[in-house]
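Enquirer: Note that our numbering has the sequence shown beginning at 67, numbered continuously upward.
Yeah, the Cβ is synthetic: ideal placement off N, Cα and C, and Gly gets one too.
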Amino acid sequence: MAVSPDGDYMAFIVTESDPDEDEYRRSLFVASTDGNREPHRLTRVADATSPKWAPNGDRLAFLATRERDVALIVGRNSDAEYDENADNAEDAVNRLENEEPKSQIWTFDLDMGGDARQVTAFEEGVREFDWSPTGDRFVVSARDPTDAQQVYLDGLREDNEPYEITRLQHKQDGAGFLDDVTTYLFVVESDVQGATRGEVTRLDNAYGQGAYEPRVGLQPTWGSRDQIAYVAYYGENPEETYALDVHTIASDGSNRQTLTDGDVIAQGLRWSLDGALLSYCVRHPANFYRPMEIHVADVESHETRSVSESLDRTVSWNGTAEWIADDTLLVPIGDKACTRLVRLDANQDAPERVFASQSSDRTITSFDASPNTTGIVLSHPHEGLDVFTIETTDIDQDVEPTRLTKLNDDLLTDTSLPLCERVRFENTNGNEVEGLVYLPEQVDQENDASPALPLICHIHGGPTVYDAPGFNFEYAYWTGQGYAVLNVNYRGSTSYGRTFSESIRGDWGPREADDIISGVDNLIDRGWVDPTRLFVSGLSQGGINTLHVVTRDDRFAAAAPEHGIYDFYSYFGTGDMHQWYVNDIGVPWENEEIYQTMSSLREIDQVGTPLLITAGENDSRTPHHKPNSSTSAQNELVSKQNLSFTRTSTTISHALVGQFTGSNRSQNGLSHMIRGWRRRTEPHEHYSSISSRSSKIR
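Right, dumping it as structure tokens:
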């Protein structure tokens with residue numbers, strides 16, 4: 067989302083379901099921040115991302131993968147300039163029409179109206195961009211292959227030739243195998259149409275490098291003093307560290323400066339209003355359990371400081387700080403299973419929690435701020451997910467924000483939606499752990515006569531993330547069917563401070579499983595759930611933890627680990643996150659016992675629970691490979707326990723499967739097992755009316 071410079075308008079992306087194509091669509095909307103008008107849909111074709119306002123607010127730029135702008139096609143006698151190897155113009159046009167569209171910059175002229183205009187036509191597409199302070203140019207990050215690299219890429223794409231691995235960081239989820247093509251920053255005039263890489267200015271000294279760069283990009287941002295800031299690592303052995311330093315460079319490519327010293331992962335760069343200071347998020351490159359902090363750098367003196375360390379709380383996932391005055395910032399942080407706003411002083415570490423009207427039963431999922439207006443997306447288990455605004459000067463007052471959207475009202479009206487309760491309990495070590503329980507709307511948990519419910523224990527991934535109360539189609543569907551859903555923020559989760567998160571470092575499995583099982587026991591002791599009707603599932607680290615749970619406890623009627631790792635020793639070097647394990651443990655040929663101990667496959671003979679294990683064909687985070695831990699787990703289970711076992715594979719990436727959290731994934735992804743499981747776990751007839759009332763959730 068993006069607040070306009072004057073604070074009067076909000077641009078935001080809405081993800082919508084296309085059931086006919088079984089896909090999600092992302093559309094760009096604009097709304098008045100006073101809430102007096104219905105939001106206006108700007109895009110109606112393809113997908114849109116990354117909206118950014120021009121400095122004077124007259125234009126709105128975004129990234130989209132769309133068919134070529136018709137203005138680049140009509141009235142042209144020759145398109146040969148797009149392909150100098152084409153025999154004639156007709157061949158060139160045919161090639162362009164047959165190529166898959168790439169992500170490019172498009173702009174809406176909000177004064178003139180009309181459709182969006184295509185600014186770039188880079189052969190490899192555009193990954194990121196930002197406006198210049200005067201609005202006459204863009205800074206763009208894009209790949210720029212050499213002639214030899216282009217021949218190699220053409221061979222991969224057109225002739226299915228084999229990959230040549232030249233990088234230690236050889237994979238990235240969503241991209242697959244990585245090549246050695248360099249990403250550079252380019253400066254592009256904002257009034258051009260269909261500019262190619264050869265027609266714009268490349269900043270030769272501003273390029274991407276480092277093992278973490280394929281994941282987060284260069285993140286260019288253009289300050290008011292005509293300096294461009296970005297991230298990259300130019301130190302020794304860039305493939306062996308996640309470090310990303312902060313650099314600045316003049317718009318003509320001169321005077322590159324480095325503000326950090328190779329001991330941070332910097333991201334989320336933002337210039338202060340006067341361009342004198344630069345804020346950015348900082349993670350430790352060798353320790354992902356430490357809270358992500360906000361640092362501020364004086365660009366002239368190169369002095370940097372943390373302005374949030376004393377919080378002992380992490381910046382929220384994909385969040386960053388926004389400047390609301392020359393010396394003041396707002397930032398979303400994870401704070402005890404909730405994302406909330408904190409005000410920061412750019413000159414000292416003196417954070418203040420603000421926006422008290424949020425309350426603890428709803429969480430922030432997206433955020434932007436200007437000196438006049440703060441925009442937020444609030445998610446509530448019972449009310450859905452919508453865009454809100456509040457005047458920035460009211461952010462520390464008990465003022466209810468203005469609701470701009472009613473995105474799901476037609477879907478949720480007259481539909482049974484879950485209640486969400488926070489529960490706190492002790493694990494076997496006596497540590498307090500927190501969980502979230504989603505219950506059917508009609509349940510009175512204080513009434514001893516209420517029937518005990520079947521339980522779905524859904525475990526978050528990460529591990530360095532956290533569950534927060536919010537609207538979830540999947541949970542609404544299952545509570546509508548009469549089930550309870552439990553989330554446990556097990557040790558390793560963020561939002562509870564460094565010690566809590568760091569306690570699992572180098573030893574994944576036992577502590578998380580203990581916390582999850584303790585949470586289930588707590589609900590059983592409360593009388594909320596039936597101990598004979600338990601199900602456990604999770605994705606990524608949640609899948610890892612699911613199998614650890616059922617190696618320690620056989621009370622679960624069924625389990626569904628999704629896209630997990632069950633044999634860390636054989637996994638090493640096959641995915642895109644091996645450096646994390648090197649940082650935590652070391653290399654497996656020197657630390658085999660630790661890798662084996664972390665692997666649930668080692669205790670697979672203890673499993674007495676029917677499993678549905680899913681893996682992803684194009685998942686580079688937890689890859690499906692042969693021989694692999696999923697296959698090994700299947701063979702061990704079948705040979706030793708003769709259990710009913712099903713294994714499926716999806717063709718999407720790790721990141722994408724995590725986005726498919728609607729009821730279709732709940733119903734279809736687990737349908738093989740649920741049919742049999744329901745015979746043992748079907749809710750009491752008391753809740754039969756919930757099923758019909760929740761049919762709109764599908």
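Helix, strand or coil: how does DSSP classify Gln170 here?
Expert: It is a strand residue.
Enquirer: Under three-state DSSP, which class holds Pro71?
Expert: Note: Pro71 maps to coil in three-state DSSP.
Enquirer: Spatial neighbours of Met358 within its chain, please: CB distance less than 6 Å, with the 5 preceding and 5 following residues excluded, ordered by chain position.
Expert: Around Met358: Cys347, Arg349, Thr380, Val381.
Enquirer: Measure the Cβ-Cβ separation of His313 and Tyr299 and say whether it is below 7 Å.
Expert: For His313 and Tyr299, no; Cβs fall outside 7 Å.
Enquirer: Distance, Cα to Cα, Arg621 vs Gln508?
Expert: Each residue's alpha carbon lies about 27 Å from the other.
Enquirer: Let me know the secondary structure DSSP gives Asn649 once reduced to three states.
Expert: Three-state DSSP puts Asn649 in a helix.
Enquirer: DSSP on Trp544, reduced to helix/strand/coil?
Expert: In this structure, Trp544 counts as helix in the three-state DSSP scheme.
Enquirer: Quick check: the Cα distance between Gln184 and Val136, rounded to an integer number of angstroms?
Expert: C-alpha separation (whole angstroms): 9 Å.
Enquirer: Pick out whichever of Pro85, Asn538, Leu343, Arg428 has its Cα sitting closest to the Cα of Arg291.
Expert: Closest option to Arg291, Cα to Cα, is Leu343.
Enquirer: Excluding the 5 residues preceding and the 5 following Asp533 in the sequence, name in chain order all residues of the same chain whose CB lies nearer than 7 Å to its CB.
Expert: Excluding sequence neighbours, Asp533 sits near Ala403, Leu502, His526, Asn553, Asn555.
Enquirer: Quick one: what's got a C-beta closer than 7 Å to Tyr635's C-beta in the same chain, skipping five residues either side?
Expert: Excluding sequence neighbours, Tyr635 sits near Pro654, Glu658, Tyr661, Gln662, Ser665.
Enquirer: Using beta-carbon positions only, say whether Val192 and Ile171 come within less than 7 Å of one another.
Expert: Closer than 7 Å, so yes.
Enquirer: Would you call the CB atoms of Ser367 and Asp415 closer than 7 Å?
Expert: No; because the gap between Cβ atoms is not below 7 Å, this pair is not in contact.
Enquirer: Let me know if Ala261 comes out buried or exposed under the rule of 16 or more other beta-carbons within 10 Å of its beta-carbon.
Expert: The residue in question, Ala261, is buried, as its Cβ has 16 or more Cβ neighbours within 10 Å.
Enquirer: Out of Ile522, Asp177, Tyr229, Ala208, point me to the one whose CA is closest to Leu244's CA.
Expert: Closest option to Leu244, Cα to Cα, is Tyr229.
Enquirer: Run through the DSSP bridge pairs and tell me what Gln786 is partnered with.
Expert: One cannot answer for residue 786 here, as it falls past the ends of the chain, which runs 67 to 764.
Enquirer: Starting from Glu487, follow the beta strand (DSSP E) in both directions and report where the run begins and ends.
Expert: Unbroken beta strand (DSSP E) run through Glu487: 485 to 492.
Enquirer: Just to confirm before moving on: does the CB-CB distance between Ala435 and Glu388 stay below 7 Å?
Expert: Going by C-beta atoms, Ala435 is nearer than 7 Å to Glu388.
Enquirer: Determine the closest residue to Arg281 out of Leu269, Pro105, Ile315, Gln235, with distance taken between C-alpha atoms.
Expert: Nearest C-alpha to Arg281: Gln235.
Enquirer: For His524 and Val551, I'd like the C-alpha separation in whole angstroms.
Expert: Rounded to the nearest angstrom, the two C-alpha atoms are 7 Å apart.
Enquirer: Using the three-state DSSP reduction, which class does Gln424 fall into: helix, strand or coil?
Expert: DSSP places Gln424 in helix when its eight states are reduced to three.
Enquirer: Starting from Asn122, trace the beta strand (DSSP E) both ways and give me its first and last residue.
Expert: From DSSP, Asn122 is part of no beta strand (DSSP E); its letter is neither H nor E.
Enquirer: Would you report the Cα separation of Leu195 and Arg618, rounded to the nearest angstrom?
Expert: Looking at the sequence itself, residue 195 is Phe, so the reference to Leu does not match. Looking at the two C-alpha atoms, the distance is approximately 49 Å.
Enquirer: Let's see if you can read the secondary structure: which residues bound the alpha helix (DSSP H) around Leu222?
Expert: Taken as a continuous stretch (DSSP letters only), the alpha helix (DSSP H) holding Leu222 covers 213 to 225.
Enquirer: Among Gly341, Glu306, Gly334, Ser345, which residue has its Cα nearest to the Cα of Gly328?
Expert: Residue Glu306 is the option with its Cα nearest to Gly328.
Enquirer: Going along the chain, which residues of its own chain have a beta-carbon closer than 6 Å to the beta-carbon of Leu613, five neighbours each way excluded?
Expert: Taken in chain order, the residues that qualify are Pro627, Tyr632, Ser666.
Enquirer: Going by the DSSP bridge assignment, what does Phe195 pair with across the sheet?
Expert: Partner(s): Val206.
Enquirer: So which of Glu133, Leu219, Arg233 has the shortest CA-CA distance to Thr186?
Expert: Comparing Cα positions, the closest option is Glu133.
Enquirer: Looking only at C-alpha atoms, which of Asp476, Glu540, Phe78, Val365 sits nearest to Leu505?
Expert: When only C-alpha atoms are compared, the closest one is Glu540.
Enquirer: Assign Glu500 to one of three DSSP states: helix, strand, or coil.
Expert: Residue state, collapsed to three classes: strand.
Enquirer: Determine the extent of the beta strand (DSSP E) in which Ile525 is found, giving its start and end residues.
Expert: Counting along the chain, the beta strand (DSSP E) containing Ile525 begins and ends at 519 to 525.
Enquirer: For Gly341, I'd like the list of residues in its chain whose CB is within less than 6 Å of its CB, leaving aside the five on either flank, ordered along the chain.
Expert: Around Gly341: Gly289, Ser290, Arg291.
Enquirer: Starting from Thr394, trace the beta strand (DSSP E) both ways and give me its first and last residue.
Expert: Segment 394 to 400, the beta strand (DSSP E) holding Thr394.
Enquirer: Between the Cα of Thr386 and those of Glu500, Arg336, Asp685, Arg371, spot the shortest distance and give me the residue it belongs to.
Expert: With distances taken between Cα atoms, Thr386 lies closest to Arg336.
Enquirer: Considering only the alpha carbon of each residue, which of His644, Leu600, Met643, Trp646 lies closest to Ala624?
Expert: Here the closest residue by C-alpha is Leu600.
Enquirer: Report the three-state DSSP secondary structure of Asp329 (helix, strand or coil).
Expert: Correct three-state label for Asp329: coil.
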